[in-house]
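The structure under discussion appears below in the form of structure tokens.
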Amino acid sequence: MFCFQCQETAKNQGCTIKGVCGKQEDTSGLQDLLIFNLKGIAVYGKKLQEFGVKDNDTALFVAKALFTTITNANFDNESLIAFVKESLERKKAMQAKFQSAYKAKNGQDFTGSLPEAATWFSDSTAEFAEKAKSVGVLATENEDVRSLRELLILGLKGIAAYAEHAATLGYEDDGVYAFLMEALNSTTEDLSVDEMVGLVLKAGEVSVNTMALLDKANTTTYGNPEITEVNLGVRGNPGILISGHDLKDMEELLKQTEGTGVDVYTHGEMLPCHYYPELKKYDHLVGNYGGSWWHQNQEFESFNGPILMTTNCVIPLKKDNTYLDRLFTTGVVGFVGANHIQERSAGGKKDFSAIIAKAKQCAAPTEIETGKIVGGFAHNQVLALADKVVAAVKSGAIKRFVVMAGCDGRQKSRNYFTEVAENLPKDTIILTAGCAKYRYNKLNLGDIGGIPRVLDAGQCNDSYSLAVIALKLKEVFELDDINDLPISFDLGWYEQKAVAVLLALLFLGVKGIRLGPTLPAFLSPTVVNVLVENFNIKPIGTVEDDIAAMMKGE
42 MFCFQCQETA KNQGCTIKGV CGKQEDTSGL QDLLIFNLKG IAVYGKKLQE
92 FGVKDNDTAL FVAKALFTTI TNANFDNESL IAFVKESLER KKAMQAKFQS
142 AYKAKNGQDF TGSLPEAATW FSDSTAEFAE KAKSVGVLAT ENEDVRSLRE
192 LLILGLKGIA AYAEHAATLG YEDDGVYAFL MEALNSTTED LSVDEMVGLV
242 LKAGEVSVNT MALLDKANTT TYGNPEITEV NLGVRGNPGI LISGHDLKDM
292 EELLKQTEGT GVDVYTHGEM LPCHYYPELK KYDHLVGNYG GSWWHQNQEF
342 ESFNGPILMT TNCVIPLKKD NTYLDRLFTT GVVGFVGANH IQERSAGGKK
392 DFSAIIAKAK QCAAPTEIET GKIVGGFAHN QVLALADKVV AAVKSGAIKR
442 FVVMAGCDGR QKSRNYFTEV AENLPKDTII LTAGCAKYRY NKLNLGDIGG
492 IPRVLDAGQC NDSYSLAVIA LKLKEVFELD DINDLPISFD LGWYEQKAVA
542 VLLALLFLGV KGIRLGPTLP AFLSPTVVNV LVENFNIKPI GTVEDDIAAM
592 MKGE
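Residues 42 to 595 (my numbering) make up the sequence shown, in order.
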């Protein structure tokens, strides 16, 4: 086993025995084998593109399969085996489609060579584990080539997650699907460093496009987020706690629980559901329970009712946890012993009757906090306040914006982000998205002329909103370069969607990003140097030094 895709990887080098996330060696191997087969599918997908043939159904499968390998998404080997088997079936079908297209154009069979990822097939589950040993990350021996390939693949995982969410709402983009094939195929080829760097930067462009697509899907379906006070307390009814990122699951759950006497609460990255008009209109969407993903061992326990995991992050239960029979998964999420709710049929809805019935058997949630928090500052809402924001900047009331978006995590060093928020001068505004917000969104940081000092745009994909806001401010202030704005980026990362967001920011030309609590282990020293030289990426330092530097625009 070797896995270094998340920020908490062992010794910031790689997990080799068992994942810090809880992933076992055999699970890691199945994920490696799945990625290997996706590369094979992409070989044929890229060649078919050259014949003008596209297969968006298979491309969407590739997106879902990439998504299921994201950190803390799928711990269930049986689910992963099913993904591997389907990948082999789809690879066989893509192979046949390519051979047919080739012969139709050239009048003869294809006899050229192909990478092993495209030609390996097996019907034996027993062979999967053995094959997995030779196709993982370390199969690429050159450290720098490995680093660039993995940076690309991990960015693709984030792009795939966002593309899958958009597709669920009926929004797809041929260009995104084509790039998944192009990029995965490239990892089977011997490319120059410049070519690999070019693909990484192109991934940033596609990430922007995919987040824009998902933003359109979410806002068209559920309305533009509105400034909203979200309750942190509980009521006396039984409840269902929903976590993850899938808004369609939330909508269907709200519809099916309406009038049942069962309340619905958000957890973690589902907090922004309270901002969307078409979701917040449900009276039994009571509030947000708890904090970010890594608190779930305590918070899922005290919630008392069933929990629905729509996407990552799910984490293994501890020995004293008793909520496994109350844990439900759906979509790409898998966890052994949990109840899995099957995918909706075409044009149909998911059936949440089992989790609703479970809720009715459970006690009401135990209250763990009270009060309210405010969010809903996505691009449409902030731009509606643009005149007020611009006036505050011009008057000197707002000296600087600090983007503190991204992920939360378990490491104590993440207290850095809380301390930065607490110690930033009172004339600064924090722009946030993703679960990083939980490090400071319940602090009383006040406001500047009625503008809250923490503006929460939403989920991690809503980092797109922060980019839109920055670009609009650049336009308003008639600047040529986004880096001339009074904005600093101080980001926390954990999993692969954060990698996609980082690549998007690099594509948009943002420089001087601070990244923490550590730089990714998958970046070799050479690749780090490339990022430093071209984008001035830097690791976080001390709270005092970083605040001083950011306030000077450094």
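Yeah, the Cβ is synthetic: ideal placement off N, Cα and C, and Gly gets one too.
Counted as a single uninterrupted DSSP element, the beta strand (DSSP E) harbouring K413 occupies residues K413 to G416. Cα atoms of L254 and A204: separation of roughly 8 Å, rounded to the nearest angstrom.
Counting other Cβ atoms within 10 Å of its Cβ, E292 reaches 16 or more and is therefore classed as buried. Non-local C-beta neighbours of I82 in its own chain, meaning closer than 7 Å and more than five positions away in sequence, comprise T99, V103, S128, R131, K132 and M135, ordered along the chain. Here the alpha carbon of A438 sits roughly 13 Å from the alpha carbon of P493. At the C-beta level, R480 and P558 stay beyond 9 Å of one another.
Where M237 is concerned, the enclosing alpha helix (DSSP H) starts and stops at V234 to Y263. Taking a 10 Å sphere around the C-beta of P313, we find 16 or more other C-beta atoms and assign the residue as buried. In this model, L546 and L210 are separated by some 25 Å (Cα to Cα). Its chain contains C62, G63, N113, W334, W335, Q337 and N338 as the residues whose beta carbon lies nearer than 8 Å to that of I356, once the 5 sequence neighbours on both sides are disregarded; these appear in chain order. Within the segment 347-408, the complete alpha helix (DSSP H) segments of 4 residues or longer fall at 394-401, listed in chain order.
For Y212, no alpha helix (DSSP H) run applies, since DSSP gives it neither H nor E. In chain order, L75, L79, F124 and S128 place their CB closer than 7 Å to the CB of A106, counting only its own chain and leaving out the 5 sequence neighbours on each side. L192 is the residue among N272, L192, L273 and G274 whose C-alpha sits nearest the C-alpha of V241. T251 sits close to I200, with the two beta carbons spaced by under 9 Å.
Cβ atoms of L282 and I348 come within 8 Å of each other, at about 5 Å. Inclusion of A158 and T229 in the CB contact set at 9 Å is warranted, their separation being smaller than that value.
Burial state of L358 is buried, judged by a 10 Å Cβ sphere holding 16 or more other Cβ atoms. When C-beta atoms of the segment 496-508 are compared with those of the segment 417-430, three or more pairs fall below 8 Å, so the two segments count as touching.
In its chain, beyond the 5 residues on either side, E270, V271, N272 and L273 have a beta carbon closer than 7 Å to the beta carbon of K413.
For N115, the three-state secondary structure derived from DSSP is strand.
For F43, the CB contacts under 7 Å within the same chain, skipping 5 residues up- and downstream, are G55, T57, G177, V178 and L179 in chain order. Annotated as distal: L121 and Q537, with beta-carbon spacing of 9 Å or more. Of the other Cβ atoms in all chains shown, 16 or more fall within 10 Å of the Cβ of S227; this residue is therefore buried. Where L496 is concerned, the enclosing beta strand (DSSP E) starts and stops at V495 to D497.
Within the same chain, and ignoring the five residues on either side of Q297 in sequence, the residues whose Cβ sits closer than 6 Å to its Cβ are F393. Residue pairing for G553: DSSP places it in no beta bridge.
Ranking E319, K126, A137 and E168 by CA distance to the CA of D96 puts A137 first. In the three-state DSSP reduction, V542 falls in the helix class (H, G or I). F530 and A541 have their C-alpha atoms spaced approximately 15 Å apart. In this structure, DSSP gives T307 an extended state, which the three-state scheme calls strand. Going by C-alpha positions, S154 is about 36 Å away from G60. At a cut-off of 3 residues, the continuous stretches assigned as beta strand (DSSP E) that sit fully inside the segment 465-513 are 469-473 and 495-497.
The three-state reading of DSSP puts S529 in strand, counting E and B together. A Cβ-Cβ separation of about 6 Å places T352 in contact with G372 under the 8 Å criterion. With contacts defined as CB atoms closer than 9 Å, S284 and F563 fail to qualify as a contacting pair.
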